[in-house]
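The C-terminal position of the sequence shown is numbered 293 in my numbering, with every residue numbered one higher than the one before it.
Backbone N, C-alpha and C fix where the C-beta goes; we use that ideal spot for every residue, glycine too.
Note that the structure is a prediction, hence the values are computed from the model and not measured.
Comments concern the structure below.
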Amino acid sequence: MGAALGQVSGDVNRIYSFEGKDKEEVLKKAKNEAVSNAISAGADPTSVEIINIEIIPLAYLPGGSAQVRVKAVGSLKLDV
Numbered sequence: 214m215g216a217a218l219g220q221v222s223g224d225v226n227r228i229y230s231f232e233g234k235d236k237e238e239v240l241k242k243a244k245n246e247a248v249s250n251a252i253s254a255g256a257d258p259t260s261v262e263i264i265n266i267e268i269i270p271l272a273y274l275p276g277g278s279a280q281v282r283v284k285a286v287g288s289l290k291l292d293v
């Protein structure tokens with residue numbers, strides 16, 4: 214019988230204003246933070262990848278605001 218190991222994840226769920234900002238630069242920052250969170254949670258840095266990005270526009274906030282959700286996962290780092 215073998216043991217299965219789940220993946221370790223890191224998330225970002227934040228409101229960003231895109232007014233006067235490069236959207237790709239904001240997304241890059243959110244992705245980097247999600248990857249960093251996954252590594253801090255014990256993921257092997259060489260295995261971490263982004264698996265989900267959601268951008269939800271928020272019409273009730275000014276400045277082209279949106280809720281940005283990014284999820285990164287990676288294999289558990291095993292110190293052998």
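Check: Taking the continuous alpha helix (DSSP H) assigned at Ser222, which residues delimit it?; Outcome: Taken as a continuous stretch (DSSP letters only), Ser222 belongs to no alpha helix (DSSP H), being part of the beta strand (DSSP E) at Gln220 to Ser230.
Check: What's the gap between the Cα of Gly233 and the Cα of Asn250?; Outcome: 27 Å
Check: Output yes or no for whether 8 Å exceeds the beta carbon distance between Ile269 and Ala285.; Outcome: no
Check: Taking Cβ positions, are Val261 and Ile252 nearer each other than 8 Å?; Outcome: yes
Check: Taking the beta strand (DSSP E) that Lys284 belongs to, which residues open and close that run?; Outcome: Ser278 to Ser288
Check: Which partner residues does Asn265 have in the DSSP bridge list?; Outcome: Lys284
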